Amino acid sequence: MKKIKWTELIISVVAAELTGALSALLSGNFTDTYAQLQRPPLSPPSAVFPVVWTILYGLMGISAYIIWQSHGDTITAKKLYIAQLAVNFSWSIIFFRFGALGLAAFTAVLLFALVAAMLVSFSRMSPLAAKLNIPYLAWSAFAAYLAVGTFILN
60 MKKIKWTELI
70 ISVVAAELTG
80 ALSALLSGNF
90 TDTYAQLQRP
100 PLSPPSAVFP
110 VVWTILYGLM
120 GISAYIIWQS
130 HGDTITAKKL
140 YIAQLAVNFS
150 WSIIFFRFGA
160 LGLAAFTAVL
170 LFALVAAMLV
180 SFSRMSPLAA
190 KLNIPYLAWS
200 AFAAYLAVGT
210 FILN
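Per our numbering, the sequence shown starts with residue 60, numbered consecutively.
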């Protein structure tokens, strides 16, 4: 096993977490907006989202570190990581700040597809990096269901 480069690992995790924090900050008052919307069955309370996303961003950061340390052709994996992170960043802003529920539903489905592609790409370089993103894949599928359902109901 390679020696862990702690500074790089911490930077990778903090960068992912800051992406989520900045997106939340730019999204406005999501708690009030969320409470006012008709939501599909199984919609969790708003307090669940920050907890889940904090964990997922941490796992994303760890897996990104692993991929950045990998040898071989990692260009596709890195591009997919950055693409899904950018789409992830934009979703809350589209949904909460702009109230564009249709675009947010499309964005959530796109995010799921990008996370799935990223997981496949990561698996070619590091099974561990891919496995760390299985919860993210599951949550992004659930988030897509919630976004599409919310769009339909509103």
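Cβ atoms here follow ideal geometry from the backbone N, Cα and C, with glycine treated the same way. This one's a predicted model, so the numbers in the text were calculated from it and none came from an experiment.
Return yes when the Cβ of GLU67 is within less than 9 Å of the Cβ of TYR116, no when it is not.
-> Here residue 116 refers to the residue found at position 57 of the sequence shown. Here residue 67 refers to the residue found at position 8 of the sequence shown. Note that the C-beta distance between TYR116 and GLU67 is not below 9 Å.
With a cut-off of 8 Å on the beta carbons, I'd call GLY208 and PRO109 a contact; round off their distance for me.
-> Position 149 of the sequence shown holds residue 208. Position 50 of the sequence shown holds residue 109. So it is not a contact: roughly 21 Å between Cβ atoms.
N- and C-terminal bounds of the alpha helix (DSSP H) containing ILE125 = Your numbering for residue 125 matches position 66 in the sequence shown. Run containing ILE125: 107-128, per the alpha helix (DSSP H) assignment.
Span of the alpha helix (DSSP H), counted from its first residue to its last, around ASP91 | For the purposes of this step, residue 91 is taken as the residue at position 32 of the sequence shown. 89-95 is the extent of the alpha helix (DSSP H) around ASP91.
Segment limits, alpha helix (DSSP H) that includes LYS137 | As a first step, residue 137 is located in the sequence shown; it is residue number 78 there, counting from the start. Here the alpha helix (DSSP H) through LYS137 covers 134-151.
Quick one: what does DSSP say GLY208 is sitting in, helix, strand or coil?
-> Taking the first residue of the sequence shown as 1, we reach residue 208 at position 149. Secondary structure of GLY208 (DSSP, three-state): helix.
Straight-line gap, LEU170 to LYS61 (C-alpha atoms, nearest Å) = In the sequence shown, the residue the question calls residue 170 occupies position 111. In the sequence shown, the residue the question calls residue 61 occupies position 2. Between LEU170 and LYS61, the C-alpha separation is close to 31 Å.
Three-state secondary structure assigned by DSSP to LYS214 | With the chain covering 60 to 213 only, the question about residue 214 has no answer from this structure.
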